[in-house]
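K.L.:
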Amino acid sequence: MSSNTAVDGDDERPPRVVALGGGHGLHASLSALRRVTTDVTAIVTVADDGGSSGRLRQELGVLPPGDLRMALAALCGDDEWGHTWSQVLQHRFRSEGDLHGHAVGNLLIVALWELLGDSVAGLDWVGQLLGAHGRVLPMSSVPLEIVAEVQGADPERPGELRTVRGQVACASTGGSVRTISLVPEAPPASKQALKAVREADWVVFGPGSWFTSVLPHLLVPELAEALVTTRARRLVTLNLSPQRGETDHFRPETYLEVLREHAPKLGVDVVLADHGTVEEPLPLDQMVRALGGSLELDRLSRDDGTPRHDTELLAAAFERILAR
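For what it's worth, numbering that gives the first Met the number 0 labels the leading residue of the sequence shown as 0, then goes sequentially.
#1: Could you tell me the distance, in whole angstroms, from the CA atom of residue 310 to the CA atom of residue 193?
#2: Rounded to whole angstroms, what's the CA-CA distance from residue 162 to residue 218? Just pull it up for me.
#3: Give me, in chain order, the residues of the same chain whose beta-carbon lies closer than 6 Å to that of residue 19; leave out the 5 immediate sequence neighbours on both sides.
#4: From the DSSP output, which residues share a beta bridge with residue 300?
#5: Residue 34 bridges to which residues according to DSSP?
#6: Using only the alpha-carbon positions, how far apart do residue 191 and residue 84 sit?
#7: Contact defined as beta carbons within less than 8 Å: I believe residue 63 pairs with residue 47. What is the distance between those atoms, to the nearest angstrom?
#8: Can you check DSSP and say which residues form a bridge with residue 204?
#9: Should the segment 50–65 be regarded as contacting the segment 251–262, the criterion being three or more beta carbon pairs within less than 8 Å?
#10: Can you tell me where the alpha helix (DSSP H) holding residue 71 begins and where it ends?
#11: Given this structure, state the Cα-to-Cα distance separating residue 178 from residue 301, to the nearest angstrom.
#12: How many angstroms separate the CA atom of residue 281 from the CA atom of residue 294?
#13: Residue 261: buried (16+ other C-beta within 10 angstroms of its C-beta) or exposed?
#14: Applying the criterion that 16 or more other CB atoms from any shown protein chain within 10 Å of the CB defines a buried residue, is residue 211 buried or exposed?
#15: Tell me, please, whether the segment 95–103 touches the segment 179–188 by the rule of three or more beta-carbon pairs shorter than 8 Å.
#16: Check each candidate in 27, 69, 264 and name the one with the smallest Cα separation from residue 91.
#17: Quick check: what's the CA-CA separation for residue 12 versus residue 322?
#18: With DSSP run on the structure shown, which of helix, strand or coil describes residue 246?
#19: What are the start and end residues of the beta strand (DSSP E) that includes residue 337?
#20: Put residue 8 into one of helix, strand or coil per three-state DSSP.
#21: From residue 80 to residue 54, what distance separates their C-alpha atoms?
#22: Suppose contacts are defined by Cβ-Cβ distances below 8 Å. Is residue 267 in contact with residue 292 by that definition?
#23: Assuming residue 273 is part of the beta strand (DSSP E), what are its boundary residues?
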């Protein structure tokens, strides 16, 4: 797929795109975006407290590397070098000892952080090794904790609100997440992330775990301000299906309602959704217009029956939108 160009003065250049999120959702958007522009920056959540990332975070006091690793893997090329390094980065050890469950990429990233003493420089070095088609940055320079207000966590008290702490607990709660906050309350943003947002042509939110991967960016004060004031246009890519606990019973427009609740000053230019998941387009279209944007409905999902985005279809949709 060809790369689009954007006009910058008299020179043509590829559009500068910043993608926000974490985990599998950000992996999907980056895998598509690197096919349509050569200037991609991922800004990644740093609140994971489970699995290999959680263990490294607790033992060494570092940023959780897992979502950063997945973003780097998504930016690997389709040639043999990129494919091989993507597999290496994602490989997990299987043993009866302490290495069990650790991802190779997590250990590589943390090793570079310890050697260089700089989280961004460490990620840049990994990106160079992989031949990554873009850059990966942490959303904040310190590890974060997500705190959620959850309704119905106790089935016997469905109307009761309960506080749930930690990304894993929030993502796996038996109730419905209503709002989230961060600890520390006003964490410092990555300076490189702020610069990337201010210089972007497009900022892409989603797809991904809405409360634990997408919305946290809007709770980092400096980053939220940059996202509101940037000259970049803003694209929201909606999920293909609700996520148990986090977004149970969400309608397509509910994602945008929650986005507005957490960032009332944030405008949206385009909302991209899979036409097969939008049974009633009118409420969604009305919500999109209320945010100042336009709705794009395309076929985006795979044909295998799983709620996953097809990379080529998503890339084609991104290419059409970024060319505006």
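Beta carbons are placed, not taken as given, at the ideal position from N, Cα and C, and that holds for glycine. No experiment lies behind these values; they were computed from the predicted model shown.
P.N.:
With the given structure in hand:
#1: As a first step, residue 310 is located in the sequence shown; it is residue number 311 there, counting from the start. As a first step, residue 193 is located in the sequence shown; it is residue number 194 there, counting from the start. If you take the alpha carbons of residue 310 and residue 193, they lie about 28 Å apart.
#2: Translated into positions along the sequence shown, residue 162 becomes position 163. Translated into positions along the sequence shown, residue 218 becomes position 219. Distance between the alpha carbons of residue 162 and residue 218: 17 Å.
#3: The count along the sequence shown starts at 1 and reaches residue 19 at position 20. Excluding sequence neighbours, residue 19 sits near 42, 204, 216.
#4: Counting from one through the sequence shown, the residue named residue 300 turns up at place 301. In DSSP, residue 300 forms a bridge with 308.
#5: Taking the sequence shown and counting its residues from 1, one reaches residue 34 at position 35. Paired residues: none, contrary to the question.
#6: In the sequence shown, residue 191 corresponds to position 192, counting from 1. In the sequence shown, residue 84 corresponds to position 85, counting from 1. Distance between the alpha carbons of residue 191 and residue 84: 25 Å.
#7: On the sequence shown, residue 63 is found 64 positions in, with the first residue counted as 1. On the sequence shown, residue 47 is found 48 positions in, with the first residue counted as 1. That pair is a contact at about 4 Å.
#8: Position 205 of the sequence shown, counted from the first residue, corresponds to residue 204. The partner list for residue 204 (beta bridge, DSSP) reads 19, 235.
#9: no
#10: As a first step, residue 71 is located in the sequence shown; it is residue number 72 there, counting from the start. Unbroken alpha helix (DSSP H) run through residue 71: 65–73.
#11: Reading the sequence shown from its first residue, position 179 is the one you call residue 178. Reading the sequence shown from its first residue, position 302 is the one you call residue 301. Using only the alpha carbons, I get a separation of about 31 Å.
#12: Numbered from 1 along the sequence shown, position 282 holds the residue referred to as residue 281. Numbered from 1 along the sequence shown, position 295 holds the residue referred to as residue 294. Answer to the nearest angstrom: the Cα atoms are 10 Å apart.
#13: For this step, residue 261 is matched to residue 262 along the sequence shown. Counting Cβ neighbours within 10 Å, residue 261 comes out buried, since at least 16 surround it.
#14: For the purposes of this step, residue 211 is identified with residue 212 of the sequence shown, where counting begins at 1. Buried, by the Cβ-count rule.
#15: no
#16: Within the sequence shown, residue 91 is the residue found at index 92, counting from 1. It is 69 whose Cα lies nearest to the Cα of residue 91.
#17: The residue given as residue 12 occupies position 13 in the sequence shown. The residue given as residue 322 occupies position 323 in the sequence shown. If you take the alpha carbons of residue 12 and residue 322, they lie about 12 Å apart.
#18: In the sequence shown, residue 246 corresponds to position 247, counting from 1. Residue 246 falls in the coil class under three-state DSSP.
#19: The shown model of the chain, from 0 to 323, leaves out residue 337, and the question about it has no answer.
#20: The count along the sequence shown starts at 1 and reaches residue 8 at position 9. Unreliable positioning characterises residue 8 in this predicted model, as indicated by a pLDDT of 46, which lies under 50. A coordinate reading is not provided.
#21: As a working mapping, residue 80 is identified with position 81 in the sequence shown. As a working mapping, residue 54 is identified with position 55 in the sequence shown. Spanning the two alpha carbons is a distance of roughly 29 Å.
#22: As a first step, residue 267 is located in the sequence shown; it is residue number 268 there, counting from the start. As a first step, residue 292 is located in the sequence shown; it is residue number 293 there, counting from the start. For residue 267 and residue 292, yes; Cβs fall inside 8 Å.
#23: Sequence index remark: in the sequence shown, residue 273 carries index 274 (1-based). Unbroken beta strand (DSSP E) run through residue 273: 269–273.
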